[in-house]
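Top line first, the protein sequences correspond to chains A and B. For the first sequence, position 237 matches number 237 in the numbering used here, and the numbering has no gaps at all. For the second sequence, position 102 matches number 102 in the numbering used here, and the numbering has no gaps at all.
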Amino acid sequence: MKEFSYERPESLEEALQVLGANGSEAEILAGGTDLVIAMRDRYAQPKVVVDIKHIAEFSPSLTWDGDTVTLSPTATMSEVVADEGINTHFPALAEAAVVVGSVQIRNRATLLGNICNGSPAADTAPPLLAYDATIVVAGSEGTRKIPIDDFIVGPGRTDLREGEIAIAIELAVPPRLVGSAYERMTRRRGTDLASVTLCATVDDAGVTQVAYGSVGPRAWLKTDETGVLADPAASSEAKAAVYEEMFVDASPSVRSMRASPDYRRAMLRVLGARAVGRATERLQKLQGVS
Amino acid sequence: MSETVHIEATVNGRDRAFEVAANHTLLDVLRDQLGLTGTKECCVVGECGACTVVVDGIPMNSCLMLAVEIDGRDVTTVEGLAADGHLNALQQAFLDVSAPQCGFCIPGQLMSAHALLQRNADPTIDDVHEALGGNLCRCAGYLQITEAVMVAAEAGRQ
């Protein structure tokens with residue numbers, strides 16, 4: 001690892017000063033599960049590493065206020081998995097967080113870091129897209145709130161500008177009843193990057209959302225307002241046509257070692273049906289239908 | 001010359017104050033600076049778990065942490081399991097069921113298992129598989145490793 005200086009700000013203001021003064025020479029350290037590897041492999045060579053785990057404003061890492069949960073940059077995957085409210089209201093996010101890496105990784109890796117790292121295979125991107133998460137970003141000119149669909153840009157890229165720091169993810173419990181589920185495809189159970197990630201939500205008005213990743217430069221969110229996917233009586237041909245349209249943005253890389261493009265496209269349809277099926281079952285439970 | 005940072009941490013029950021280079025990982029410092037070579041370096045990308053240590057009761061990959069990050073925290077390595085020259089129940093169980101084959105992954109397996117048993121004295125086999133899922137054994141001695149953790153848990157409950 002190349003040499004760098006280590007900064008450990010204790011307030012957001014102090015962190016913004018350090019980031020402002022160092023621009024692109026600074027890297028933010030939260031869980032470090034991506035950054036430390038990048039620095040060891042020398043594709044990140046910061047002059048300054050800014051450890052944000054001691055910033056007073058980021059504690060506690062997970063706060064519920066009425067129907068909204070706010071997760072700070074220090075909220076780890078393990079904390080997400082352990083939170084009762086998230087399991088109740090955002091079960092697909094808990095399902096995605098619990099399959100990231102291993103126990104050791106989940107104890108360090110943060111939810112916000114998973115998004116800011118910008119991996120197309122980020123497990124938590126599809127559920128956060130489907131739950132319409134908001135990313136809060138702070139900079140020298142104040143804070144801005146960005147819908148996650150606009151925040152995610154492409155491989156390793158987000159809407160975060162130089163000198164800015166993402167300070168929170170906000171999730172609001174939707175006003176309608178919503179069932180949701182997360183599915184992923186990996187080569188083996190246990191520590192592996194996903195070949196396909198997919199989250200489905202089905203609400204009580206028959207609207208189905210499908211967010212999918214690891215099959216192109218970023219995760220995409222698609223909506224079916226026709227009610228076909230949510231309708232258990234709809235024919236598989238009718239559903240296949242809707243899925244076909246939803247998965248139009250899938251452009252799996254031919255160079256990936258994890259899975260071939262054909263396999264990934266085929267598995268999108270399988271995971272889509274599985275996730276929509278489980279989401280529908282969850283919705284029916286919420287509706288009290290046995 | 002890299003920046004050095006003064007840190008204070010408890011390592012295997014002993015309070016220590018020392019200087020670490022900002023760009024050294026916890027794994028580097030444990031092995032090369034503190035002489036605690038029980039913690040192994042293997043994949044260095046967080047996939048194999050050979051470098052697992054327990055920080056404030058939580059298992060982590062020491063290859064993915066900067067050493068400065070343990071400032072003010074409590075670190076247990078495999079050397080911290082035995083007391084007064086005697087193996088603890090978990091280590092003894094690993095020996096009794098012949099869980100170690102080549103032995104290289106065992107310190108990491110022990111630390112993940114130790115952290116599990118600290119918070120769950122009565123784990124199911126699925127709990128053990130989940131807790132040790134981030135520790136690879138290329139001799140593939142998983143059956144015996146799982147058995148050892150279950151034996152140690154049983155012994156701990158008596």
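Virtual Cβ for every residue (Gly too), placed ideally from N, Cα, C.
Would you list the residues sitting across from residue i in a DSSP beta bridge?
i	result
lysine 239 of chain A	Partner(s): none; lysine 239 of chain A has no beta bridge.
histidine 86 of chain B	B/Ala83
phenylalanine 16 of chain B	Reading off the sequence shown, one finds arginine at residue 16 of chain B, where the question assumed phenylalanine. Arginine 16 of chain B pairs with B/Ala9.
methionine 185 of chain A	A/Val196
proline 195 of chain B	Past the edges of chain B, shown from 1 to 158, lies residue 195 of chain B, and the structure says nothing about it.
tyrosine 212 of chain A	A/Leu198, A/Trp220
phenylalanine 139 of chain A	Reading the sequence as shown, one finds glycine at residue 139 of chain A and not phenylalanine. Partner(s): A/Gly142.
threonine 68 of chain A	A/Asp65, A/Ala172
isoleucine 165 of chain A	A/Ala138
arginine 157 of chain A	A/Gly154
May I have the straight-line CA-CA distance separating residue i from residue j, to the nearest angstrom?
i	j	result
isoleucine 7 of chain B	aspartate 34 of chain A	24 Å
valine 340 of chain A	alanine 109 of chain A	Residue 340 of chain A cannot be examined here, being either before or after the span of chain A that is shown, 1 to 290.
arginine 16 of chain B	serine 214 of chain A	45 Å
valine 29 of chain B	alanine 21 of chain B	9 Å
glutamate 13 of chain A	serine 140 of chain A	9 Å
arginine 301 of chain A	glutamate 170 of chain A	This structure cannot speak to residue 301 of chain A, because chain A is shown only from 1 to 290.
glycine 46 of chain B	aspartate 74 of chain B	21 Å
leucine 198 of chain A	asparagine 88 of chain B	44 Å
glycine 156 of chain A	leucine 283 of chain A	35 Å
glycine 23 of chain A	glutamine 33 of chain B	33 Å
glutamate 244 of chain A	alanine 131 of chain B	39 Å
threonine 37 of chain B	arginine 31 of chain B	5 Å
glycine 66 of chain A	threonine 201 of chain A	22 Å
leucine 29 of chain A	serine 72 of chain A	14 Å
aspartate 150 of chain A	arginine 187 of chain A	30 Å
proline 232 of chain A	threonine 70 of chain A	35 Å
alanine 230 of chain A	alanine 125 of chain A	22 Å
valine 195 of chain B	lysine 40 of chain B	Outside the shown range of chain B, which is 1 to 158, sits residue 195 of chain B, and nothing can be said about it.
arginine 264 of chain A	serine 195 of chain A	7 Å
proline 252 of chain A	leucine 193 of chain A	14 Å
proline 60 of chain A	threonine 76 of chain A	12 Å
By DSSP, does residue i sit in helix, in strand, or in coil?
i	result
glutamine 92 of chain B	helix
phenylalanine 4 of chain A	coil
leucine 198 of chain A	strand
phenylalanine 151 of chain A	helix
glycine 179 of chain A	strand
leucine 116 of chain B	helix
glutamate 245 of chain A	helix
glutamate 27 of chain A	strand
alanine 38 of chain A	helix
isoleucine 52 of chain A	coil
glycine 46 of chain B	coil
alanine 250 of chain A	coil
threonine 76 of chain B	strand
threonine 39 of chain B	coil
proline 123 of chain B	coil
Rank the options by C-alpha distance to the C-alpha of residue i and give the top, closest one.
i	options	result
glutamate 69 of chain B	B/Glu154, B/Asn135, B/Thr4, B/Ala155	B/Thr4
glycine 20 of chain A	A/Thr208, A/Ile165, A/Arg42	A/Ile165
glycine 272 of chain A	A/Leu283, A/Thr74, A/Thr208, A/Arg282	A/Thr208
alanine 138 of chain A	A/Ile167, A/Ala259, A/Ser195, A/Leu128	A/Ile167
aspartate 96 of chain B	B/Gly35, B/Gly38, B/Met150	B/Met150
isoleucine 105 of chain A	B/Gln101, B/Gln118, B/Ser112	B/Ser112
glutamate 3 of chain A	A/Ala94, A/Ala44, A/Ala30	A/Ala44
valine 210 of chain A	A/Arg144, A/Ala92, A/Asn117	A/Ala92
glycine 80 of chain B	B/Ala152, B/Glu154, B/Gly108, B/Asp122	B/Gly108
glutamine 118 of chain B	B/Val55, B/Cys51, B/Thr10	B/Val55
Just mark residue i as buried or exposed, buried being the case when its beta carbon has 16 or more other beta carbons within 10 Å.
i	result
isoleucine 125 of chain B	exposed
glycine 85 of chain A	exposed
methionine 1 of chain B	At methionine 1 of chain B the pLDDT is 47, less than 50, meaning the model places this residue with poor confidence and gives no usable figure here.
asparagine 114 of chain A	buried
glutamine 287 of chain A	exposed
glycine 163 of chain A	buried
cysteine 102 of chain B	exposed
threonine 158 of chain A	buried
Does the beta carbon of residue i come closer than 8 Å to any beta carbon on chain C?
i	result
valine 137 of chain A	You won't find chain C in this structure, because its protein chains are A and B.
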